[in-house]
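Take a look at the structure below.
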Amino acid sequence: MIHFKAIGKVMGALLMLFALMMLPGAGFAYYFDTGDFDALLQSSLITFSFGSIMFFSFSRQDQNIRKREGYLIVSVSWLLMSIFGMIPYLLSDLSFGISDAIFETISGLTTTGATIINDIEAAPKGILFWRSMTQWIGGLGIIVLTVAIFPLLGIGGIELFVAESPGPTSDKLHPRIQETAKRLWYVYMGLTILAGVLYYIGGMTFYDAVNHALTTLATGGFSTKNASLAHFTSPFIHYTAIIFMILAGTNFTVIYFGLTGKFAKVWKSDEFRTYISVLLILALGLSAPVIYYSGQGVEKAFRDTLFQVVSLVTTTGYVTADYTSYHSGLTMVFFMLLFFGASAGSTSGGIKFIRHLAFFKNSWLEFKRIVHPRAVVPLKINGDRVTGKIITHIMNFLLIYLMIFTISSIIVSLMGYDLLTSFGAVATSLGNVGPAIGRVGPMDNFAFFDPFTKIFLSFIMLLGRLELFTILVLFTPYFWRAN
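In this text, residue positions in the sequence shown follow this note's numbering: the first is 5, and each later residue adds one.
See the structure below:
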């Protein structure tokens, strides 16, 4: 039996925390006097009130959160955050409809970075900061944060961390799950602050630096400028973004090990070595054709190539150049990067390198098994044997991911959009990237889609952010069947 009252208390605590995170945006709105202070303050009060009612109504309930409650809490929490997170947009002067507000909010929380705002620089600064904050909240996962503080509320959190943790594995930094979550957030917050300082040194205003720091470490890609980071011509800013996008796409446990001097554990990670190697190979391999087709200088062409490769692979979605303007072949290469994803345990979306690595390693070993059918040929990652259960899970994930991409692209195309746009919109939504190809290229946005398609793509974003199974399992009879 599912403990719905225990879930209610957790949901209440989440909403109260979510409401408090709206207040910094209200502070910026008040400082810049952009007319959105009331919208953000009222949204915070509404959200906090609902959260308080839910939390205190179930405050005496048994907090025994098992696996099923964990998956249900994660899925429902993202739904509730999406509902309450869109209130500032609806109360502001942006004239958002319901579908627009849902799309922008879910795009933020899932760190997709797709937007329907045509003139970002004309939007109120408080709302833009809230837009960036939604990505920072969703970056590492608000569940990981609340796992760290829920013990103070008498709520356990191990099942929440398992359900939220991105990728097929979730390495612990500490035997206690609360300490793990705290240390992950220390790394997350520290890197965010450092990125903000460097952006400010590079020439951004304080406001722009804070916003871009939030969305860089979240691998979200929301910008305060219409042209994204192409607005800033400083190579220092571009290279700073590249470095922090790479860090944000790295497994945070690997970063933690590096910061604590455990470099042997860093280099032991097969995924990390593959991730860095692929980024370098792609950047170097694509630079020559970009230099040829763009006619730019060597440094600028290399910087743009490296930037776009890192931005797409880490699913950040920042833009410094229109990669669809070079050549159709290069456009398809950049489109394929939407299916990469960075490391498991990072803030990026997508399939993740660990799954690609396991798939290709297992496929290669299959040839050896064919030649030597009686030999035991195990798949190993980081020197450890990967169980058949995990291999099956990865293969199922890849197949379901491909099926969802195909079926969803057909659905979008049936709504009247061309194939390139349909493929691009679904691929970038499912991978939580942002820009794609067709009418949703790096210089475009999603404002032209009809309300149904916006809501449909929003659902696809949620599926991708929670790695398919967390949501899809709720639609199976096994989940709801009593123990």
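Just so you know, even glycine gets a beta-carbon here, dropped at the ideal spot from N, CA and C.
Top-ranked residue by Cα proximity to residue i, from the options
i    : options                   : result
H360 : M249, V437 and V282       : V282
L515 : G468, V317, R389 and L24  : With the chain covering only 5 through 487, there is no way to say anything about residue 515.
F364 : L383, G353, D454 and K129 : L383
S315 : G392, T257 and G435       : G435
T319 : Y192, A346 and G442       : A346
S227 : Q139, L470 and F60        : Q139
T335 : Y279, H376 and A440       : A440
K9   : T38, L76 and S47          : L76
N255 : G89, E183, F401 and W189  : W189
G354 : S433, M90 and G31         : S433
L342 : V317, E303 and L144       : V317
I110 : K129, W82, A268 and P92   : W82
First and last residue of the uninterrupted alpha helix (DSSP H) at residue i
i    : result
K272 : F267 to K272
V214 : F210 to L221
S367 : F357 to V375
E108 : I102 to L113
H242 : P239 to A252
D42  : F41 to S61
A325 : It is not in any alpha helix (DSSP H) - A325 carries neither H nor E in the DSSP assignment.
A17  : F8 to L24
S136 : K129 to L144
G262 : F256 to L263
T457 : P455 to R469
L378 : It is worth fixing the name first, because residue 378 is Arg in this sequence and not Leu. Premise fails: R378 is in no alpha helix (DSSP H) and is neither H nor E.
S80  : Looking at the sequence provided, one finds Val at residue 80 rather than Ser. Here the alpha helix (DSSP H) through V80 covers K71 to G89.
A30  : L27 to F36
T474 : F473 to L476
P382 : Looking at the DSSP string, P382 is not in any alpha helix (DSSP H), and its letter there is neither H nor E.
Nearest-angstrom Cα separation, counted from residue j out to residue i
i    : j    : result
D422 : V430 : 12 Å
G2   : N215 : The chain is shown only over 5 to 487; residue 2 falls outside these bounds and no answer can be derived.
R389 : K356 : 19 Å
I141 : G112 : 9 Å
G445 : T328 : 7 Å
T237 : T309 : 15 Å
G253 : T351 : 6 Å
L45  : I87  : 16 Å
G468 : M249 : 19 Å
I6   : M58  : 17 Å
F261 : F452 : 45 Å
V78  : L251 : 25 Å
N386 : A348 : 14 Å
T410 : G428 : 11 Å
I285 : S47  : 47 Å
Contact set for residue i: own chain, Cβ-Cβ below 7 Å, skip 5 residues either direction
i    : result
D123 : N230
S63  : K13
F306 : S291
A127 : L98 and I121
Y34  : F41
I464 : S412, V430, S433 and L434
Residues of its chain near residue i, where Cβ-Cβ distance is below 8 Å and the 5 sequence neighbours each way are ignored
i    : result
S417 : L423 and S426
A325 : A234, S298, D308, F311, Q312 and P446
Cβ neighbours of residue i in the same chain (closer than 6 Å, five flanking residues each side left out)
i    : result
R373 : V381
A222 : T115, Q139, W140, G143 and T351
For this session: Run through the stretch 416–447 for me and flag every whole alpha helix (DSSP H) of 4 or more residues, listed as ranges in chain order.
Result: 423–434
For this session: For the stretch 274–337, list the alpha helix (DSSP H) runs that are entirely contained and at least 4 residues long, ordered along the chain.
Result: 274–298 and 302–317
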